[in-house]
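Peer 1: Below is a structure I'd like to ask you about.
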Amino acid sequence: MTPSIRRKLETLAERHEEVGLLLGQPDVLADNTRFRELSREYAQLEPVAGALREQALAEQELADARAMLDDPELGEMAADDVARLQAQLAALDERMQILLLPVDPRDEANLFLEVRAGTGGDEAALFAGDLFRMYARYAERRHWHVEILSENPGEHGGYKEIVARIEGKGAFSRLKFESGAHCVKRVPATESQGRIHTSTATVAVLPELDEIDDIEINPADLKIDTFRASGAGGQHVNKTDSAIRITHLPSGTVVECQDERSQHKNRARAMSLLKARLLDEAQSKQAAAQAQERRLQVGSGDRSQRIRTYRYKDNLVTDHRVGLNLHRLPEIMEGDLDELINALVREHQADELKSLAGS
């Protein structure tokens, strides 16, 4: 751990102690808003303060163990303690540095997932369907709720485009690195000669924020159409013009929502998705201008960048950003994504730590 990082951790621990004293002051106890804010800050700083206390205790125990290394009776036991405590301190060092990283305020947000067929015709639509199913299965594993907002099925299965909302604790934090182009190499079901085809699909993951103040939308810039929803949903859905299509005229962005039976709910969902897309576009341009060298464009990456390839013949999934190869393609397509996602999170944390040490 560098001295600068150590100083930052100690500063946070001092602030934790200061906030603890403030929480006992009569004027703070009488002010519900300030008490709530300080309580939240105290809880956020507690892991840092706790880790520093744990580190101090382990360092003292390590010093005591080293002092007994030459003892003829206790030396062997002391050597075991030294090895254990050194490993404990190394793990603590890594954990404390990660605790120092800034928290992405979007991490706990729900999200909009958009999957679109790319190059490859019918096979691309089938692959887009496979990707959506993969994410839906992952959501099931984590007990998240998936709500399809709009879909455009492919002629022979899959989707030309599908947009869904995923609701659950930490949803965006786990899927925010999935944005980009996904590539598949396999023999399509329609291929009679057994030739391997290459097809693509693009994925966009957009956080659903409670309040998006950064984007102001002039109602005069919107063209709102209602239409009759198609597909499942019962007689009510099929007999009323409850589906909503909103076109943002300046940007040409079009969003649809036809899942809810209520036109009012569909309009609210569509407006939320429109704001998320416009904000994502603005952040993508800003990120590209400020950090072109970043490998992991969090949640607003370059949609044309190929981030992952799925090779069915070799039972292989490759994430090109971190050079990870996993020979577990069937399991991954069934939603077992944690190994992939954990690798991306670790790589992102390593990049952030480098930036932190440099600053």
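If you're matching positions, the sequence shown starts at 2 in this note's numbering and goes up one per residue.
The C-beta atom is built at its ideal place from N, Cα and C for all residues, glycine as well.
From a predicted model like this one, the values you see are computed outputs, not experimental measurements.
1. How is the alpha helix (DSSP H) around residue 49 delimited, first residue to last?
2. Kindly list the residues whose CB is nearer than 8 Å to the CB of residue 62, restricted to its own chain and excluding five residues on each side of it in sequence; keep chain order.
3. Between 308, 225 and 115, which has its C-alpha nearest residue 148's C-alpha?
4. Using the beta-carbon count (16 or more within 10 Å), is residue 91 buried or exposed?
5. Which word fits residue 197, buried or exposed, when buried means at least 16 other C-beta atoms lie within 10 angstroms of its C-beta?
6. Is the separation between the beta-carbon of residue 426 and that of residue 175 shorter than 8 Å?
7. In the structure shown, what three-state DSSP assignment does residue 199 receive?
8. Per DSSP, what kind of secondary structure is residue 350 in: helix, strand or coil?
9. Note down, in chain order, each residue of its chain lying with its Cβ closer than 7 Å to the Cβ of residue 271, except the 5 sequence neighbours on either side.
10. DSSP three-state label for residue 294, please.
11. Helix or strand or just coil, what does DSSP make of residue 183?
12. Please determine if the region 117 to 126 and the region 308 to 323 are in contact, where contact requires at least 3 C-beta pairs separated by less than 8 Å.
13. Report buried or exposed for residue 167, applying the criterion of at least 16 other Cβ atoms within 10 angstroms of its Cβ.
14. On a CA-only basis, which of 335, 219 and 145 is nearest residue 279? Give me that one, please.
15. Alpha carbon to alpha carbon, how far is residue 103 from residue 4? Give it in angstroms, no decimals.
16. Which residues in the same chain have their Cβ closer than 6 Å to the Cβ of residue 153, if we skip the five residues on either side of it in sequence?
17. Since residue 370 and residue 345 should fall inside the 8 Å C-beta cutoff, what is the C-beta to C-beta distance between them, to a whole number of angstroms?
18. DSSP three-state label for residue 143, please.
19. Please give the ranges of any beta strand (DSSP E) in the region 118 to 174, keeping only runs that are unbroken, at least 3 residues long and fully inside the region.
20. Could you tell me which residues DSSP pairs with residue 317 in its beta bridges?
21. Quick check on the DSSP output: the beta strand (DSSP E) that includes residue 244 runs from which residue to which?
22. Using a 10 Å radius around the Cβ and a threshold of 16 neighbouring Cβ atoms, would you call residue 22 buried or exposed?
23. Would residue 12 pass as a contact of residue 121 if the rule is Cβ separation under 8 Å?
24. Taking the alpha-carbon positions, what's the residue 185 to residue 130 distance?
25. For residue 354, which residues from the same chain have a beta carbon less than 6 Å from its beta carbon, with the 5 sequence-adjacent residues on both sides left out?
26. Taking only the alpha-carbon atoms, compute the straight-line gap between residue 25 and residue 94 and give it to the nearest angstrom.
27. Leaving out the 5 sequence neighbours to the left and right, which residues in its chain are closer than 8 Å to residue 351 when beta-carbon positions are compared?
28. By how many angstroms is the C-alpha of residue 100 removed from the C-alpha of residue 8?
29. Relative to the C-alpha of residue 112, which residue among 137, 55 and 222 is closest?
Peer 2: According to the structure shown:
1. 33 to 68
2. 82 and 86
3. 115
4. exposed
5. exposed
6. Coverage of the chain is limited to positions 2 through 360, which leaves residue 426 absent and any answer about it impossible.
7. strand
8. helix
9. 245, 247, 256, 257 and 258
10. Because residue 294 carries a pLDDT of 40, less than 50, the predicted location of this residue cannot be relied on, and the following value inherits that uncertainty. In the structure shown, residue 294 sits in coil (DSSP, three-state: anything other than H, G, I, E or B).
11. strand
12. no
13. buried
14. 219
15. 19 Å
16. 161 and 162
17. Since the first and last residues shown for the chain are 2 and 360, residue 370 lies out of range.
18. coil
19. 146 to 154 and 160 to 168
20. 312
21. 244 to 249
22. exposed
23. no
24. 12 Å
25. 98
26. 31 Å
27. none
28. 14 Å
29. 137
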